[in-house]
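Notes follow the structure.
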Amino acid sequence: MTNRTEFLKGVGIFKGLDAESISKIAALMEEIEYDTGGPVFEEKGSADALYVILDGGVDIFVKGGDGKDVLIGRLIREEFFGQLSLIGNFEHLVKAVSQQNTTLLKLPRSKFVEMNKTNPQLSLRIVLNIFTDFLKSVQENRDAFKYIIDYYIQSKEGSR
Numbered sequence: 008m009t010n011r012t013e014f015l016k017g018v019g020i021f022k023g024l025d026a027e028s029i030s031k032i033a034a035l036m037e038e039i040e041y042d043t044g045g046p047v048f049e050e051k052g053s054a055d056a057l058y059v060i061l062d063g064g065v066d067i068f069v070k071g072g073d074g075k076d077v078l079i080g081r082l083i084r085e086e087f088f089g090q091l092s093l094i095g096n097f098e099h100l101v102k103a104v105s106q107q108n109t110t111l112l113k114l115p116r117s118k119f120v121e122m123n124k125t126n127p128q129l130s131l132r133i134v135l136n137i138f139t140d141f142l143k144s145v146q147e148n149r150d151a152f153k154y155i156i157d158y159y160i161q162s163k164e165g166s167r
């Protein structure tokens, strides 16, 4: 667990946390391996976990107007995704696929909710980091977010 704790210290979502807190989080995480091209999750699937890239990389896609996947992001070691799943019951707005043989650390929402019952201050710190990171990401990637939101709204209107 010590190696995992050391690794997680370098991950932005856990900034400001002490080693003991990070160790508690590390103990809740599952290590999952994906082959090249393996789907981590599908667009519109149930979002139920935070993922941290331990090794390898993940491509993030949305469906284009023609129904084809459009690459909107490439994530690498120490980056994370799926973080909004920790704070609510959402569906994925994107599709995540491994770029190569990839190892992810997965923190299921159910384990995060359990941790919140015993350590609400730790959970709150992580949620604050999620929102800070999300706002920064929106500012840096306005065009990609606009594309995702427009597509999502159109797909909801089309299903009425």
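Those letters in the sequence shown? Residues 8 to 167, by our numbering. In this text, a Cβ means the ideal position worked out from N, Cα and C, and glycines have one as well. Please read all numbers here as calculations on a predicted model, not as lab measurements.
Pick out whichever of G17, I29, N10 has its Cα sitting closest to the Cα of S130.
For the purposes of this step, residue 130 is taken as the residue at position 123 of the sequence shown. Taking only the C-alpha atoms, the option nearest S130 is I29.
Residue from F48, V104, I79, G17 with nearest C-alpha to F97:
For the purposes of this step, residue 97 is identified with residue 90 of the sequence shown, where counting begins at 1. Comparing Cα positions, the closest option is F48.
Taking buried to mean at least 16 other C-beta atoms within 10 Å of its own C-beta, is R3 buried or exposed?
A question about residue 3 goes unanswered here, because the residues of the chain that appear run from 8 up to 167.
Could you check the C-alpha separation between D73 and Y154 for me, to the nearest Å?
Your numbering for residue 73 matches position 66 in the sequence shown. Your numbering for residue 154 matches position 147 in the sequence shown. Computed Cα separation, rounded: 14 Å.
My assumption, with CB atoms under 8 Å, is that K113 sits in contact with D76. Please give the rounded CB distance.
In the sequence shown, the residue the question calls residue 113 occupies position 106. In the sequence shown, the residue the question calls residue 76 occupies position 69. Actually they do not touch by this definition, with Cβ atoms about 23 Å apart.
Same chain only: Cβ atoms within 8 Å of L78, ignoring 5 sequence neighbours per side:
Numbered from 1 along the sequence shown, position 71 holds the residue referred to as residue 78. Closer than 8 Å at the Cβ level, and outside the excluded window around L78, lie D66, I67, F68.
When you compare only the Cα positions, how much space is there between F88 and D150?
What you label residue 88 is simply residue 81 of the sequence shown in a count that begins at 1. What you label residue 150 is simply residue 143 of the sequence shown in a count that begins at 1. Distance between the alpha carbons of F88 and D150: 18 Å.
With a cut-off of 8 Å on the beta carbons, I'd call K31 and N126 a contact; round off their distance for me.
Mapped onto the sequence shown, residue 31 falls at position 24. Mapped onto the sequence shown, residue 126 falls at position 119. About 7 Å separates the two Cβ atoms, so the contact holds.
State the start and end residues of the unbroken beta strand (DSSP E) segment that holds F48.
Counted from its first residue, the sequence shown places residue 48 at position 41. Segment 46 to 48, the beta strand (DSSP E) holding F48.
For E85, does the three-state DSSP call read helix, strand or coil?
By 1-based counting over the sequence shown, the position of residue 85 is 78. DSSP places E85 outside both helix and strand once states are collapsed to three, so it counts as coil.
Coil, strand or helix - V104 by DSSP
The residue given as residue 104 occupies position 97 in the sequence shown. Looking at V104 - three-state DSSP - the assignment turns out to be strand.
Return the chain-ordered ranges of every alpha helix (DSSP H) run that is complete within the segment 94 to 143 and spans a minimum of 4 residues.
116 to 125
Which residue's Cα is closest to the Cα of K163: V104, K51, E121?
As a first step, residue 163 is located in the sequence shown; it is residue number 156 there, counting from the start. That would be K51, whose Cα lies nearest to the Cα of K163.
Determine the direct distance from the alpha carbon of A34 to that of E86, and round the result to whole angstroms.
Along the sequence shown, read from residue 1 onward, the residue named residue 86 stands at position 79. Along the sequence shown, read from residue 1 onward, the residue named residue 34 stands at position 27. Roughly 19 Å between the two C-alpha positions.
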